[in-house]
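Presented below is the structure to which this report refers.
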Amino acid sequence: MPSPHQHILVALNDTQWQALECLNDTWILRDDPAAMIAYVPAQRRAHAPIRRAAAWARTSDPRAHALLHGGENEALCLLVGHEVAYFDESGTQLFIPGIPGMIDVVLPSEPLPVVTLTGESRPYYAISGAVALRPASQALCAGLSPHEWGFDLVVIACDPATLDGLNIQ
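For the sequence shown, the positions run 2 to 170 when our numbering is used.
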């Protein structure tokens with residue numbers, strides 16, 4: 002049976018790594034909804050997918066557990082929602098709200114996410130569903146420069162409303 006997960010290896014620069022650490026500060030509070038509400042940065046719009054992912058993780062859905070704990074490294078952050086990441090047209094870079102700049106894609110998944118058209122605007126590629134950001138293995142990071150951080154984005158591409166226990170608008 003094929004894996005429901007897609008893997009995308011990306012390289013973060015030092016600034017992007019620091020931004021991911023800020024997202025991780027919100028993620029750390031996932032098991033304490035009151036603390037997450039009280040934590041001011043968690044109320045930012047870019048942290049909304051983290052709040053939804055925390056609610057999903059508390060449902061004990063095995064898919065959430067697999068995203069968080071699969072592989073050799075635990076996820077630093079989990080995102081759930083509509084369009085939580087955007088690719089450029091060539092699929093060589095992506096943008097995740099809350100992480101500045103375009104993130105280099107080292108090894109893309111196959112196939113690229115579905116093209117989404119919005120009226121008269123140009124097409125773009127977006128990931129909707131659940132995305133875990135895990136540190137990549139040393140073997141995968143072998144070709145990266147000393148100032149790049151390798152991350153494995155593990156994706157369950159789906160309508161986020163189909164994830165158990167969530168009512169995403």
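Even glycine gets a Cβ: it sits at the ideal position worked out from N, Cα and C.
Does the separation of the CB atoms of residue i and residue j fall below 8 Å?
i	j	result
VAL11	VAL107	yes
LEU154	ILE38	no
GLY82	PRO161	yes
GLY151	LEU164	no
ILE157	HIS48	no
VAL132	ALA65	no
LEU13	GLU149	yes
Within a Cβ cutoff of 8 Å, which residues of the same chain sit near residue i, ignoring the five residues on either side of it in sequence?
i	result
GLU75	LEU69 and ARG135
Excluding five sequence neighbours on each side, which residues of the same chain lie with their C-beta closer than 7 Å to the C-beta of residue i?
i	result
MET2	At MET2 the pLDDT is 36, less than 50, meaning the model places this residue with poor confidence and gives no usable figure here.
ARG52	MET37 and ALA43
Counting contacts by CB-CB distance shorter than 8 Å, is residue i in contact with chain D?
i	result
LEU21	No chain D appears in the structure shown, which is made up of a single protein chain.
Looking at the secondary structure, which residues open and close the beta strand (DSSP E) in which residue i lies?
i	result
ALA158	150-158
CYS78	78-88
ILE104	104-108
GLN94	94-96
Closer than 6 Å by C-beta to residue i: which residues in its own chain qualify, once you throw out the five before and the five after it? Chain order, please.
i	result
ALA55	ARG31
Next item on the list: Please determine if the region 94-107 and the region 59-69 are in contact, where contact requires at least 3 C-beta pairs separated by less than 8 Å.
Entry: Taking 8 Å as the limit for Cβ pairs, the verdict is that the region 59-69 does not touch the region 94-107.
Next item on the list: Run through the region 13-76 for me and flag every whole alpha helix (DSSP H) of 4 or more residues, listed as ranges in chain order.
Entry: Entirely contained in the region 13-76, the alpha helix (DSSP H) runs reaching 4 residues are, in chain order, 15-28, 34-39, 49-58 and 63-70.
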